[in-house]
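Just so you know, the numbering used here puts 609 at position 201 of the sequence shown, and the rest follows in order with no gaps. Yeah, the Cβ is synthetic: ideal placement off N, Cα and C, and Gly gets one too. Bear in mind the structure is a predicted one, so any value in this text is a computation, not a measurement.
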Amino acid sequence: MNDIQKAAELIKQSKHCIAFTGAGISVESGIPPFRGQGGLWNKYNPEILSLGYFYSYPESAWKEVKKLFYEFFGKAKPNKAHLALAELEKKGYLKTVITQNIDNLHQEAGSKSVIEFHGTAQHLECIECKSKYEPYLKIKNEDVPKCEKCNSVLKPAFIFFEESIPRQAFDDSTLHASKADLMIVVGTTGEVMPASTIPYACKRNGAKILEINPEHSLYTSKITSLYLQGKAGEVLPKIIKELL
Ligand code: NAD
Ligand code: ZN
């Protein structure tokens with residue numbers, strides 16, 4: 409049996425398979441990761457995601473946030489890896505995707521159950537009264553998008569550096585991690601806390617870990633049961649083909 413066949417077999421035999429994805433799954437959609445060579449932090453100052461900076465200088469923070477997370481991320485389309493995970497769910501093999509990404513590409517690919525661990529760029533939220541808004545008109549027409557009810561500044565609904573994980577996403581992830589007997593980990597270094605702890609929790613609860621990444625992550629030598637070295641958009645479709 410080759411590794412693709414082994415991966416398909418693991419998925420076939422699992423009763424509660426979930427996926428855990430990071431920036432790597434969106435690389436083939438044209439969105440680079442933050443860190444490493446060619447990473448976004450080489451071009452952008454991470455300060456734009458600091459809450460303190462956002463509150464102190466909303467105008468300049470918004471200028472960069474608009475460029476990066478709406479104009480640039482907004483152009484990306486789901487790739488074969490996102491589509492493969494959506495297909496796995498449709499065919500009944502995958503219960504949910506826990507993603508660290510904020511780009512909405514899993515949903516655009518057709519995944520129905522997506523837990524957004526770091527929130528989403530899909531709406532803006534008032535920092536005071538928590539009212540929600542669609543981003544597009546707001547960011548087109550206003551330099552600093554403001555709440556129509558209380559006139560406070562709106563912030564993208566993804567988390568900035570000093571913020572905590574959205575409660576519901578945290579609870580849902582913990583629950584799935586406790587039920588899972590297989591986790592497919594795709595395109596993540598395992599360096600971003602506390603998201604990085606989810607695969608360990610899964611492993612502790614007895615799950616096998618199937619990992620797809622062109623490079624070793626912090627998980628590979630520690631908890632990965634089967635490591636498939638390669639790009640998500642190439643490896644995942646091969647597994648689907650074998651499986652279906
Ligand atoms: P990360 O932990 O998400 O790591 C990126 C990983 O992707 C690396 O291990 C790299 O080897 C792997 N990778 C590169 N190309 C790949 C491919 N074609 N297929 C599979 N894997 C591939 O690191 P980060 O970018 O520093 O992210 C920090 C946080 O910011 C994470 O929570 C991440 O999800 C988020 N982020 C999100 C987006 C997005 O929404 N698309 C983009 C950048 C960062
Ligand atoms: Zn408000």
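Asked, Found
"Nearest-angstrom Cα separation, counted from Ile426 out to Lys503", "5 Å"
"For Glu417, the first and last residue of its enclosing alpha helix (DSSP H)", "Asp411 to Gln421"
"Beta-carbon spacing of Ala489, Gly641 below 7 Å", "yes"
"Secondary structure, beta strand (DSSP E): runs of 3+ residues fully inside the region 416–489", "425–429"
"Pro486 and Leu513 closer than 7 Å at C-beta", "yes"
"Assigned exposure category for Ser464 - 16 Cβ within 10 Å defines buried", "exposed"
"Beta-carbon proximity check, Ala484 vs Ser437, cutoff 7 Å", "yes"
"Whole-Å CB distance - Thr596 paired with Thr429, under 8 Å assumed", "7 Å"
"Of the residues Ala415, Tyr452, Leu496 and Thr605, the one placed nearest Leu475, counting alpha carbons only", "The residue asked about is misnamed: residue 475 is Lys in this sequence, not Leu. Cα-wise, what sits closest to Lys475 is Tyr452."
"Distance cut-off 6 Å: Lys557 Cβ against heavy atoms of ligand 2", "yes"
"Pro564 in three-state terms, based on DSSP", "strand"
"Inter-residue CB distance, Val594 and Ile620 (contact presumed, cutoff 8 Å)", "5 Å"
"Ser422 beta carbon less than 7 Å from that of Leu590", "yes"
"Identified DSSP bridge partners for Glu533", "Lys540 and Lys563"
"Residues that DSSP places opposite Val593 in a beta bridge", "Phe428 and Glu619"
"Terminal residues of the beta strand (DSSP E) in which Val522 lies", "Val522 to Glu524"
"C-beta contact flag for Ala577 and Ile606 at 7 Å", "no"
"Continuous alpha helix (DSSP H) stretch holding Ile647: start and end", "Ala640 to Leu651"
"Option in Leu652, Lys639, Lys646 and Leu634 with minimal Cα separation from Leu418", "Leu634"
"Exposed unless 16 or more other CB atoms sit within 10 angstroms - verdict on Asn613", "exposed"
"Bridge partners - Val368, DSSP secondary structure assignment", "There is simply no residue 368 to check, as the chain begins at 409 and stops at 652 in what is shown."
"Beta carbon of Phe566 nearer than 7 Å to that of Ala529", "yes"
"Test item: CB-CB of Leu651 and Ala416 under 7 Å", "yes"
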